[in-house]
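Residue numbers (this note's numbering): 1301 to 1630.
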């Protein structure tokens, strides 16, 4: 008596599942048909030789000098021109359609043109597909990334030597955007960061990347080290210490007293002494100002301090190991 309802229930369940499966398969087939690509998949051309037919020497959009650069070392598997890569299309994407004219006589653009109208994210993602090592580790969220700077805004790959990678030409590339820093390097006291037109010798010249990482860093201002002081100590190791008698502002931040790019007060100071020192050290109970009515020394202020430099006495302002005390005089 109780087996019959159980059989009917099983049959009913199977019928429902069959109907549901039918509609599921039919819907999946329809969705698959709708998702089929309208256009055929992009194809690669027959190689970079075809590109040179229009972009060779003497052409309006010449790009042949890339074949003289390190990007064209075929023995290096990481270069675009390596045997297992696609030459120009390693960067510009599969562009067979670009090598042929359309039916209306126009010529389609390459897959990626790196033109100003293209989003920086699109252009950069193609570069970062290969250049993803530690030097680019902090790119995401860096100041250049936030400002939508594209790799090709700084780098020129269609030349024999990329200007931004050369000591003598790199500053001019950076000055394209950083005009304020250009003016700072024109001041009387400055770091030896000079354009090629100003440099008398390439020996000893600094460049922007000696202090900054343009692809971002963990430190402020994209510095090569985590702090301002650690970056300065890369060259000014004698100022690192530790000293028996420390000058606390020096330990905290070199920029408390110094300008990093250039200043009209040597050596790269934020102001003229003793004014600079008196931003922290007031004149109370110290013969740094003339006392009213006392006349000239010995009754008045010390001639070594009045309208002169604190450094005349306190010449070890970065710290001292001399047992004479914390006055930083020796």
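The C-beta atom is built at its ideal place from N, Cα and C for all residues, glycine as well.
Note that the coordinates shown come from a computational prediction; the quantities given were computed from them, not determined experimentally.
Of the residues 1516, 1541 and 1546, the one whose Cα lies closest to the Cα of residue 1446 is 1516.
Within the stretch 1525-1566, the complete alpha helix (DSSP H) segments at least 4 residues long are 1528-1532 and 1548-1552, listed from N- to C-terminus. Contact annotation, residue 1391 with residue 1380: C-beta distance approximately 6 angstroms; criterion of less than 8 angstroms satisfied.
Runs of the alpha helix (DSSP H) spanning 4 or more residues and lying entirely within the stretch 1415-1486 occur at 1420-1428, 1443-1446, 1451-1454, 1470-1475 and 1479-1484, in chain order. The C-beta of residue 1572 has fewer than 16 other C-beta atoms within 10 Å across all chains shown, which makes the residue exposed. Straight across, the Cα-Cα distance linking residue 1351 with residue 1372 is about 14 angstroms.
In the structure shown, residue 1381 adopts coil according to DSSP, grouped into three states.
For residue 1523, the secondary structure class from DSSP, reduced to helix, strand or coil, is strand.
Here DSSP, grouped into helix, strand and coil, assigns residue 1491 to coil. Within 10 angstroms of the beta-carbon of residue 1581 lie fewer than 16 other beta-carbons, which makes it exposed.
The beta carbon of residue 1508 is closer than 7 angstroms to those of 1470, 1471, 1474 and 1493 in its chain, skipping five residues each way along the sequence. Apart from the 5 residues on each side of it in sequence, residue 1527 sits with its Cβ closer than 7 angstroms to the Cβ of 1519 in its chain, given in chain order. Around the CB of residue 1415, fewer than 16 other CB atoms lie within 10 Å, so the residue is classed as exposed.
Proximity to residue 1533 across 1610, 1419 and 1618 peaks at 1618, based on C-alpha coordinates. Going by DSSP, residue 1362 is part of no alpha helix (DSSP H) at all; its letter is neither H nor E.
Short of 7 angstroms from the beta carbon of residue 1420, and not among the five residues preceding or following it, lie these beta carbons of its own chain, in chain order: 1448, 1449 and 1450. In this chain, residue 1511 is not harboured by any alpha helix (DSSP H), its DSSP state being neither H nor E. Contact between the stretch 1457-1470 and the stretch 1349-1369 is established, with three or more Cβ pairs separated by less than 8 angstroms.
Using a Cβ distance threshold of 7 angstroms, residue 1393 and residue 1375 do not count as a contacting pair.
Across the set 1549, 1559, 1418 and 1610, the C-alpha of 1610 shows the shortest separation from the C-alpha of residue 1575.
In its chain, beyond the 5 residues on either side, 1528 have a beta carbon closer than 6 angstroms to the beta carbon of residue 1555. Apart from sequence neighbours up to five positions away, the residues of its chain that approach residue 1369 with a beta-carbon distance below 8 angstroms are 1457, 1459, 1460, 1461 and 1462, ordered along the chain. Residue 1525 and residue 1627 have their C-alpha atoms some 31 angstroms from each other. In this chain, residue 1402 is not harboured by any alpha helix (DSSP H), its DSSP state being neither H nor E.
In the structure shown, residue 1367 adopts helical secondary structure according to DSSP, grouped into three states. Beta bridge pairing from DSSP links residue 1620 with 1545. Counted as a single uninterrupted DSSP element, the alpha helix (DSSP H) harbouring residue 1391 occupies residues 1389-1392. By alpha-carbon distance to residue 1535, the top candidate from 1552, 1542 and 1510 is 1510. Counted as a single uninterrupted DSSP element, the alpha helix (DSSP H) harbouring residue 1352 occupies residues 1348-1355.
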